[in-house]
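Going by the working numbering, the sequence shown opens with residue 24, and the numbers climb by one from there. For every residue, glycine included, the Cβ atom is placed at its ideal position computed from N, Cα and C. Quick caveat, the model's predicted, so the values are computed rather than measured.
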Amino acid sequence: MEKVLEVKKISKAFGGIKALLGVDLEFRCGEVHCIVGENGAGKSTLGKIIAGIHTPDQGELTFKDLTYKELNPTIAKELRIAMVTQELNLMPHLTIAENIFMFEKRSYINGILNRKLINRETERLFEQFNLSNLPSASTKVENLTLAQQQIVEIIKAISQKNNLLIFDEPTTTLSITEVEQLFSLIRRLKKENVSIILVTHRLKEIFEIGDVVTVLCDGQIVKSRLPVKDLNEHELVKYMVGRDIKDFFGVKEEIEIGRPVLEIEDLSDGVSFRNISFTVHESEVLGFAGLIGAGRTEIMETIFGIREQISGSIRLNGELINTLTTKQRVRKGISFVPEDRKGKGLAIDLPICSNMSQVEMNQKDRLIVNERQFEMQNLEIAKKLALKYHSLNQKANSLSGGNQQKVLLAKWLSQNPSVYIFDEPTRGIDVGTKTEVYDLIKNLAKEGKAIIMVSSELQELIAICDRIVVINEGRVAEIFQRKDATEPKILKEMIPVK
Numbered sequence: 024m025e026k027v028l029e030v031k032k033i034s035k036a037f038g039g040i041k042a043l044l045g046v047d048l049e050f051r052c053g054e055v056h057c058i059v060g061e062n063g064a065g066k067s068t069l070g071k072i073i074a075g076i077h078t079p080d081q082g083e084l085t086f087k088d089l090t091y092k093e094l095n096p097t098i099a100k101e102l103r104i105a106m107v108t109q110e111l112n113l114m115p116h117l118t119i120a121e122n123i124f125m126f127e128k129r130s131y132i133n134g135i136l137n138r139k140l141i142n143r144e145t146e147r148l149f150e151q152f153n154l155s156n157l158p159s160a161s162t163k164v165e166n167l168t169l170a171q172q173q174i175v176e177i178i179k180a181i182s183q184k185n186n187l188l189i190f191d192e193p194t195t196t197l198s199i200t201e202v203e204q205l206f207s208l209i210r211r212l213k214k215e216n217v218s219i220i221l222v223t224h225r226l227k228e229i230f231e232i233g234d235v236v237t238v239l240c241d242g243q244i245v246k247s248r249l250p251v252k253d254l255n256e257h258e259l260v261k262y263m264v265g266r267d268i269k270d271f272f273g274v275k276e277e278i279e280i281g282r283p284v285l286e287i288e289d290l291s292d293g294v295s296f297r298n299i300s301f302t303v304h305e306s307e308v309l310g311f312a313g314l315i316g317a318g319r320t321e322i323m324e325t326i327f328g329i330r331e332q333i334s335g336s337i338r339l340n341g342e343l344i345n346t347l348t349t350k351q352r353v354r355k356g357i358s359f360v361p362e363d364r365k366g367k368g369l370a371i372d373l374p375i376c377s378n379m380s381q382v383e384m385n386q387k388d389r390l391i392v393n394e395r396q397f398e399m400q401n402l403e404i405a406k407k408l409a410l411k412y413h414s415l416n417q418k419a420n421s422l423s424g425g426n427q428q429k430v431l432l433a434k435w436l437s438q439n440p441s442v443y444i445f446d447e448p449t450r451g452i453d454v455g456t457k458t459e460v461y462d463l464i465k466n467l468a469k470e471g472k473a474i475i476m477v478s479s480e481l482q483e484l485i486a487i488c489d490r491i492v493v494i495n496e497g498r499v500a501e502i503f504q505r506k507d508a509t510e511p512k513i514l515k516e517m518i519p520v521k
């Protein structure tokens, strides 16, 4: 295969923290090159340097026969290099079509944006790529779900006929069907000789779509361009974390399930779900499975009080809390770790310490606080979660995805709630950090907490949960005991009957 890009001796530091150190790597046409490693390994930083988003401190990039000390977005676009980042680069107030085509010269006639043309072109792309789950091209992006926005970002990148495409965790918000659609697109791009760089934490994806894989650790290459066909999952994990992981999920101890803590009966929001009933007990981990759009997140937001409840009842420790505000529900003992940690979970531009104290500060009725007490508490929780940071005063957006997730978890640990709702708690984090999250959930259950865990990864639901509720088109399709749950059984209940 022809070499399209080579990076030589690339180094990059942020505030004294080395993200990349002397990285040498090459990428070839018509190849899917997977980049893996734990959070903070430098994967996203490498992708952003190639896309011209970050400037390297040292090193050079050779694109075909041209050598650059650095790229910028303009040069990257001229070279037809594009990146779909974890932080979606869309303009919410504009339509789907405008986001995809507004910077294309062909979209204008006499300097005026031809909306009829770009809407037609966008609908053609929907049809070409078999994307039936998107609304019309004239829909504003702010009205789309997170998964739909991700798909728009992907279409935007693919529509520009690039030489090299970088996908940074593209599947974390996508349903099973949408992932299949994306992989179908990638296979088509391979045939067109496009070079693909795929940054992912999902090992299954590497073995399904990857040609070669490179492992990064602490900004340096551990293994370079390993042929995927010659690897197995066990070997790859060992390269990634530097140790054997025989069982990602650890041992699920049998704990005696206690009294009912959260009781939901015939709950409806009038839009996304209806007549939902279930109970979560002390020391129980209750899982929720379902396709994206099935209503799982909406159910959790209604229980937490940030979505309107039309009918039904919510009881916490025997008390009816239907009319309570979110703040009052938090005081009663409900916590919620949302799926979208950057958009809804963290104040990403504020310091770590401010994020960790956010919930507790919001609960206080007086303005005077004991800063020293907060600091000691935050340090203790950071240690408990093995948070990797330089200072608690550094901004949350300077952390890796896995460490941002730990900060989000830390917000609630200080509150000691009786109910934890985790919506996709391992989304976009590495194998090692996932194991830490699983251990945290199991330890909270040992302490007698009632836990709800929403996840798109069926393996982790089966391994971690005591029971699994399957949501299908806004209704409870089935509730499985852990001993009876298998992936085929759950999938069968997840998929709507047409």
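Between the alpha carbons of residue i and residue j, how many angstroms are there, rounded?
i, j, result
"Glu403", "Leu436", "11 Å"
"Ala160", "Ile141", "8 Å"
"Asn255", "Asp234", "13 Å"
"Ala473", "Ile494", "20 Å"
"Gly451", "Leu113", "19 Å"
"Glu215", "Asn185", "10 Å"
"Ser358", "Tyr443", "5 Å"
"Ile344", "Gly497", "22 Å"
"Val353", "Pro440", "8 Å"
"Glu25", "Cys52", "6 Å"
"Glu510", "Phe503", "11 Å"
"Ile333", "Thr346", "11 Å"
"Arg103", "Pro96", "10 Å"
Which residues in the same chain as residue i place their Cβ atom closer than 7 Å to its Cβ, once the five residues preceding and following it in sequence are excluded?
i, result
"Arg330", "Asp292, Glu321, Glu324"
"Thr348", "Gly328"
"Pro361", "Lys367, Gly368, Asp446"
"His116", "Lys163, Glu165"
"Val264", "Glu61, Val454, Gly455"
"Asp191", "Ser67, Gly70, Met106, Val107, Thr108, Gln109, Val222"
"Ile431", "As written in the sequence, residue 431 is Leu, which differs from the Ile given in the question. Once the five neighbours on either side are set aside, the close Cβ partners of Leu431 are Val360, Arg364, Gly368, Leu369."
Less than 9 Å between the C-beta atoms of residue i and residue j, yes or no?
i, j, result
"Ile73", "Leu44", "no"
"Gln428", "Thr458", "no"
"Asp47", "Val30", "yes"
"Val454", "Val260", "yes"
"Arg319", "Val477", "yes"
"Glu258", "Gly281", "no"
"Ile491", "Gly335", "no"
"Pro193", "Leu221", "yes"
"Phe152", "Ile178", "yes"
"Gly242", "Gly65", "yes"
"Ala99", "Gly75", "yes"
"Leu514", "Leu481", "yes"
"Ser34", "Asp80", "yes"
"Val475", "Leu285", "In the sequence on display, residue 475 carries Ile and not Val. Yes; because the gap between Cβ atoms is below 9 Å, this pair is in contact."
Among residues of its own chain, excluding the 5 on either side of residue i, which ones have a beta-carbon nearer than 6 Å to its beta-carbon?
i, result
"Val460", "Pro448, Thr449"
"Asp363", "Leu169"
"Asn133", "none"
"Ile315", "Ala170, Ser198"
"Tyr91", "Leu84"
Is any heavy atom of the ligand HEM found at a distance shorter than 8 Å from the C-beta of residue i?
i, result
"Lys31", "Of ligands this structure carries none, so the ligand HEM is not represented either."
Assuming residue i and residue j form a contact by the criterion Cβ under 8 Å, report the distance between their Cβ atoms to the nearest whole angstrom.
i, j, result
"Ser218", "Glu54", "6 Å"
"Leu111", "Gln173", "7 Å"
"Val382", "Gln417", "Not quite, the Cβ-Cβ distance comes to about 20 Å (not below 8 Å), so this is no contact."
"Ile123", "Thr145", "6 Å"
"Leu467", "Ala312", "So it is not a contact: roughly 20 Å between Cβ atoms."
Excluding the 5 residues flanking residue i on each side, which residues of the same chain have their C-beta closer than 8 Å to its C-beta?
i, result
"Tyr412", "Ile375, Ala405, Leu422, Asn426"
**Item:** Residue ranges of each beta strand (DSSP E) within the stretch 83 to 166, 3 or longer
**Value:** 89 to 91, 104 to 107
**Request:** Return the chain-ordered ranges of every alpha helix (DSSP H) run that is complete within the stretch 236 to 273 and spans a minimum of 4 residues.
**Result:** Counting only runs of 4 or more, we get 256 to 264.
**Asked** Can you list the alpha helix (DSSP H) stretches of 4 or more residues lying completely in the stretch 424 to 497, in chain order?
**Response** Fully enclosed alpha helix (DSSP H) runs of 4 or longer: 424 to 436, 454 to 469, 481 to 487.
**Item:** Every unbroken alpha helix (DSSP H) within the stretch 301 to 372, with a cutoff of 4 residues, ordered by chain
**Value:** Whole alpha helix (DSSP H) segments, 4+ residues: 319 to 327, 349 to 355.
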